[in-house]
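> Here the protein sequences come in this chain order: A and B.
Numbering-wise (this note's numbering), the first sequence opens with residue 1 and increments by one.
Numbering-wise (this note's numbering), the second sequence opens with residue 1001 and increments by one.
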Amino acid sequence: MPRSMQLPKERIATSTPECQAGVLVVRRHHLLVRCSHWLNVPILLGLILSGVSIYWASPIYQHKPDPLTGNFDTLAGVGIWICAHVPGLHQYGSPPDWVYNHMSLGPGMLAVALRLHWLCAYLFMLNSLVFVMGLAMGGGWHSLLPRRTDLRDALKMFRYYIGLPLAKLTRRTWLHPRFNTKYNALQRVAYCSVPVAGLLSVFTGWAIHKPMQLYWLTAIFGGYDKARIWHFWLMWVFILFVVPHVILVLADGWDTLRSMIVGWSTRVKRSEVIAHEQ
Amino acid sequence: MNNEEKANSLEPKDIPSTGTGSKLEATKLPEAGPKDTNPAAPIATETPQSVEAIKQPVDPDESPSRSVDHEPRTDEAASFVAAKQEMAELPEAGPGDANPSVPMAMEKPEAVEAIEQQVDADGSPSSSVEPAPRTDEAVPPVAVEPLFVKKHQSFFDEQPLHVIERAPRVLRYRTRREVLVFGIGAVATAAGAGFLLPQNTLSRLGMRRDISSPGKEWLLNKALRIDDDVAEALYLRNRMVPTYTKSQITPLKNNYNGATPDPSYIPEWRLTLDGLASGLSVSLNIRNLLASFRVHEQITRLVCVEGWSAIAWWAGLRFDDLLSAYPPMSQAKWARLESSVNLGPRGNPDPYFVSLDLSTARHPQTLLATHLNGKPLTVEHGAPLRLLVPVKLGLKNIKAVTRITYTKDEPADYWAKRGYSRYDGI
């Protein structure tokens, strides 16, 4: 008797399919969502690199000029500190430029950085439209909507991730919180807030790009200087999202990474089983 | 859609053993029929239309894998379908039939059309239903059980999973193909992105070769032009920029790009107008200007391309008034403003010049400013007369204007030649 004919509940609940008959898969990501997801990688990289180069021309965070170095830019100060304290960097040519040399196109490149920033910004807006279309056509937006229980459940997930390495080391069982949705609450909080951050980045970007014609938009963010601060920290939202995002996807395994390439996943098990047990 | 109609339309009478298999390959039918073991059980060999079936609210007594309709089925429609199904399937009931109440789907995995065929599979069987033991081993079948979603799904609720079945071979093929396409795309994007990076950055990354090319410049200039067109489309001549109160005034630094000119030019300063309708060249001194034009005041923000900005209290004559008093030639669409006293970084003469579209020049808040914070302009801020155009970036706000030339075609611009935008509307 083929294995697949035996209790499907057990089979599906305990294993990924290895039966001859076929593999059970679920659709996970619409083609347009996948395309825009991956296109975001070079676009956001371009926006951040050129954005920090633009930041260099007039840093938001400044202090009184340092009597020794004459430096007033906090980010340049970070570079000076790094070069003074990190072994092997003591001979670095221009310490104030260290951050800009490693996190941007480079210092002193405002014109070219602006051109690249506009190019990437328009591509980002177009790509966002592709993303929204993919969400609408694939119905994926359902899975991104926040739920009332999300905050509590997200904290549970956060605790799980924080405790997981220790539990592995001490070989204690560390149970994954249950959920019966496509994403767990922490994922949903993240995957819902990143598009919101994208939207806010676009709006704050326009607010500082056209502060006269779109003065009302600038006013929404508290004026021109505050809109720049918004825009700057929204960049950090992306950076702070991407780092754990990549780590967790790699930790989660090939199926999750593959699903963003091919669109389907062989993880058909969790949600329904848990849904029925509850 | 009417449920009954849909059930009808999806139940071709010439396919005996399948309820919804309107797309089932004909070659498959003779095999599927006799091997069927559940006379009363619906056997679903799925069509793509039926993929969503299991997500729909379905009466648990019915055979959910047959519910191709998206709406909950009415009782009449359900019994109609059940009756039809029984008629069709009874003659083929096999002896090995063990469990007449199990919904089941069959699929031949070796079918060539595997890519096209999809089977609803679902991992959460209702506890009331037991899967049928099978005796026939000739065909590896797949049992799929429906998920009984009893709760009504609201529009915002998460959609249940679309569980489908694929042959492993197909999955391997598709994975290979799509990962390959992805890899090619990634390499192409990386190459394209590297191509777009500025030469300075590439050199810093260790790339020695100069890969600047006309294509790269074209693309980046194109993005810049699109952005300029957007800025031009956003501009409205009667849209005023925000004004501030005196308490909101912030310090304005001397942002002369090069050295600050020596103030000795000021006593002999004259403003020359060219490209006028009269065909003449007009030369005015600051006393003429202040005597013949009304002085307007405004407290506006000056925004620099670098990102900083300053709120300052300006006074001066409207550019629009100057245009009315000395009308430009009729075809003129642009003004070229020049400062011959501008200096380069080492104090060398470096005339500064900007282009300004006449539509922006006619904006009521575009001033030829003579005063800053209630006092005549100092040399740092472009004495005795500078352009103040708050709807443009600071770099268009040329200091110590000595000549204005009206032209038909867009004139050159100091910063546009250095890679910045030409329109600079904000």
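Don't be surprised by glycine CBs; every beta carbon is placed ideally from N, CA and C.
Pairing CB atoms from the stretch 196-215 of chain A with CB atoms from the stretch 1222-1242 of chain B, are three or more of them under 8 Å?
Touching, per the Cβ criterion.
> Quick one: grab the DSSP three-state call for Arg1204 of chain B.
Three-state DSSP puts Arg1204 of chain B in a helix.
> Can you confirm whether Glu1232 of chain B, when its beta carbon is compared against all beta carbons of chain A, has any partner nearer than 8 Å?
Cβ-Cβ to chain A under 8 Å: no for Glu1232 of chain B.
> So that I know if they touch, is there some Cβ in chain B lying closer than 8 Å to that of Leu225 of chain A?
Looking at the sequence provided, one finds Asp at residue 225 of chain A rather than Leu. It does: the Cβ of Asp225 of chain A has a partner Cβ on chain B nearer than 8 Å.
> Do you know offhand how far Pro1042 of chain B's Cα is from Trp118 of chain A's?
Only weak support exists for where Pro1042 of chain B lies, its pLDDT of 42 falling under 50; the value from the coordinates is given anyway. Straight-line Cα distance between these residues: approximately 59 Å.
> Would you kindly work out how many angstroms separate the C-alpha atoms of Leu1372 of chain B and Ile1249 of chain B, rounded to a whole number?
C-alpha separation (whole angstroms): 11 Å.
> Quick check on Met137 of chain A - is its C-beta less than 8 Å from some C-beta in chain B?
No, because no Cβ of chain B sits closer than 8 Å to the Cβ of Met137 of chain A.
> Output, in chain order, the set of chain B residues within a Cβ distance shorter than 9 Å of Gln213 of chain A.
The answer, in chain order, is Ala1231, Leu1234, Tyr1235, Leu1236, Arg1239, Val1241, Val1391, Gly1425 and Ile1426.
> Using a Cβ-Cβ cut-off of less than 8 Å, list which residues of the stretch 1293-1310 of chain B approach chain A; keep chain order.
Within the stretch 1293-1310 of chain B, the residues whose Cβ lies closer than 8 Å to some Cβ of chain A are Arg1301, Val1303, Cys1304, Val1305, Glu1306, Gly1307, Trp1308 and Ser1309, listed in chain order.
> Compute the distance between the beta-carbons of Met235 of chain A and Gly51 of chain A, then report whether it is under 8 Å.
Their beta carbons are under 8 Å apart, which means Met235 of chain A touches Gly51 of chain A by this criterion.
> With a threshold of 8 Å between beta-carbons, can Ala190 of chain A be considered close to chain B, or not?
Not one chain B Cβ lies under 8 Å of Ala190 of chain A.
> Counting only beta-carbon separations shorter than 8 Å, does Pro42 of chain A have a partner in chain B?
Interface residue, yes.
> So for Leu1343 of chain B, helix, strand or coil by DSSP?
Strand, per DSSP.
> Using the beta-carbon of each residue, which ones in chain B are nearer than 8 Å to His142 of chain A?
Per Cβ cutoff of 8 Å: Phe1156, Asp1157, Glu1158 and Gln1159.
> Give me, in chain order, the residues of the same chain whose beta-carbon lies closer than 6 Å to that of Leu984 of chain B; leave out the 5 immediate sequence neighbours on both sides.
Residue 984 of chain B lies beyond the residue range present for chain B, which begins at 1001 and ends at 1426; the question has no answer from this structure.
> Kindly say whether Leu105 of chain A, judged by its beta-carbon, lies nearer than 8 Å to any beta-carbon of chain B.
It does; some Cβ of chain B falls within 8 Å.
> Over what stretch of residues does the alpha helix (DSSP H) that includes Gly106 of chain A continue unbroken?
Where Gly106 of chain A is concerned, there is no enclosing alpha helix (DSSP H), given that its DSSP letter is neither H nor E.
> Identify every residue that forms a DSSP beta bridge with Thr1407 of chain B.
BP columns for Thr1407 of chain B point to B:Trp1334.
> Ignoring anything shorter than 3 residues, give me the beta strand (DSSP E) runs that lie fully in the stretch 1228-1281 of chain B, in order along the chain.
The qualifying runs are 1271-1274.
> From what residue to what residue does the beta strand (DSSP E) around Ser94 of chain A run?
Element bounds for Ser94 of chain A: n/a, residue is neither H nor E.
> Using a Cβ-Cβ distance under 8 Å, would Thr181 of chain A count as near chain B?
By this cut-off, Thr181 of chain A is an interface position.
> At a CB-CB cut-off below 7 Å, which residues of chain B make contact with Gly46 of chain A?
The answer, in chain order, is Ala1193.
> So with Cβ pairs under 8 Å, would you call Gly1374 of chain B a contact of chain A?
No, Gly1374 of chain B does not count as interfacial toward chain A.
> For the stretch 48-59 of chain A, which residues have a CB atom closer than 7 Å to at least one CB atom of chain B, in sequence order?
For the stretch 48-59 of chain A, which is checked against every Cβ of chain B, the residues closer than 7 Å are Ile54, Ala57 and Ser58.
> Please state if the CB of Leu49 of chain A and the CB of Leu105 of chain A are separated by a distance shorter than 8 Å.
Contact flag set, yes.
> Along the alpha helix (DSSP H) that carries Glu1178 of chain B, what are the first and last residues, could you check?
Start and end: Pro1168 to Leu1196.
> For Val1303 of chain B versus Tyr1420 of chain B, is the C-beta distance shorter than 8 Å?
No.
> If we count the other Cβ atoms within 10 Å of its Cβ and call it buried at 16 or more, is Phe221 of chain A buried or exposed?
Buried, by the Cβ-count rule.
> Leaving out five residues before and five after Ala279 of chain A in sequence, what residues of the same chain have Cβ atoms less than 6 Å from its Cβ?
This structure leaves residue 279 of chain A out entirely; chain A is present only between 1 and 278.
> When the Cα atoms are used, what is the spatial distance from Ala1432 of chain B to Leu1234 of chain B?
Nothing about residue 1432 of chain B can be read from this structure; chain B reaches only from 1001 to 1426.
> Which residues in the same chain have their Cβ closer than 8 Å to the Cβ of Ala1426 of chain B, if we skip the five residues on either side of it in sequence?
The identity of residue 1426 of chain B in the sequence shown is Ile, whereas the question assumes Ala. Result list for Ile1426 of chain B: Ala1231, Val1303, Val1391, Lys1392 and Leu1393, in chain order.
> Which first and last residues belong to the beta strand (DSSP E) in which Arg34 of chain A is found?
It is not in any beta strand (DSSP E) - Arg34 of chain A instead sits in the alpha helix (DSSP H) that spans Leu31 to Ala57.
> Quick one: which chain A residues come within Cβ less than 8 Å of Ile1398 of chain B?
Within 8 Å Cβ-Cβ: nothing; Ile1398 of chain B doesn't reach chain A, min ~18 Å.
> Can you pull the chain B residues whose beta carbon is under 7 Å from the beta carbon of Met109 of chain A, in chain order?
Under the 7 Å cutoff, chain B gives Pro1198 and Asn1200.
> Just tell me which of A:Trp206, A:Pro65 and A:Met125 has its CA closest to the CA of Pro96 of chain A.
Minimum Cα distance to Pro96 of chain A is reached at A:Pro65.
> Using CA coordinates, which residue listed in A:Leu110, A:Ala251 and A:His29 is at the minimum distance from Gly138 of chain A?
Here the closest residue by C-alpha is A:His29.
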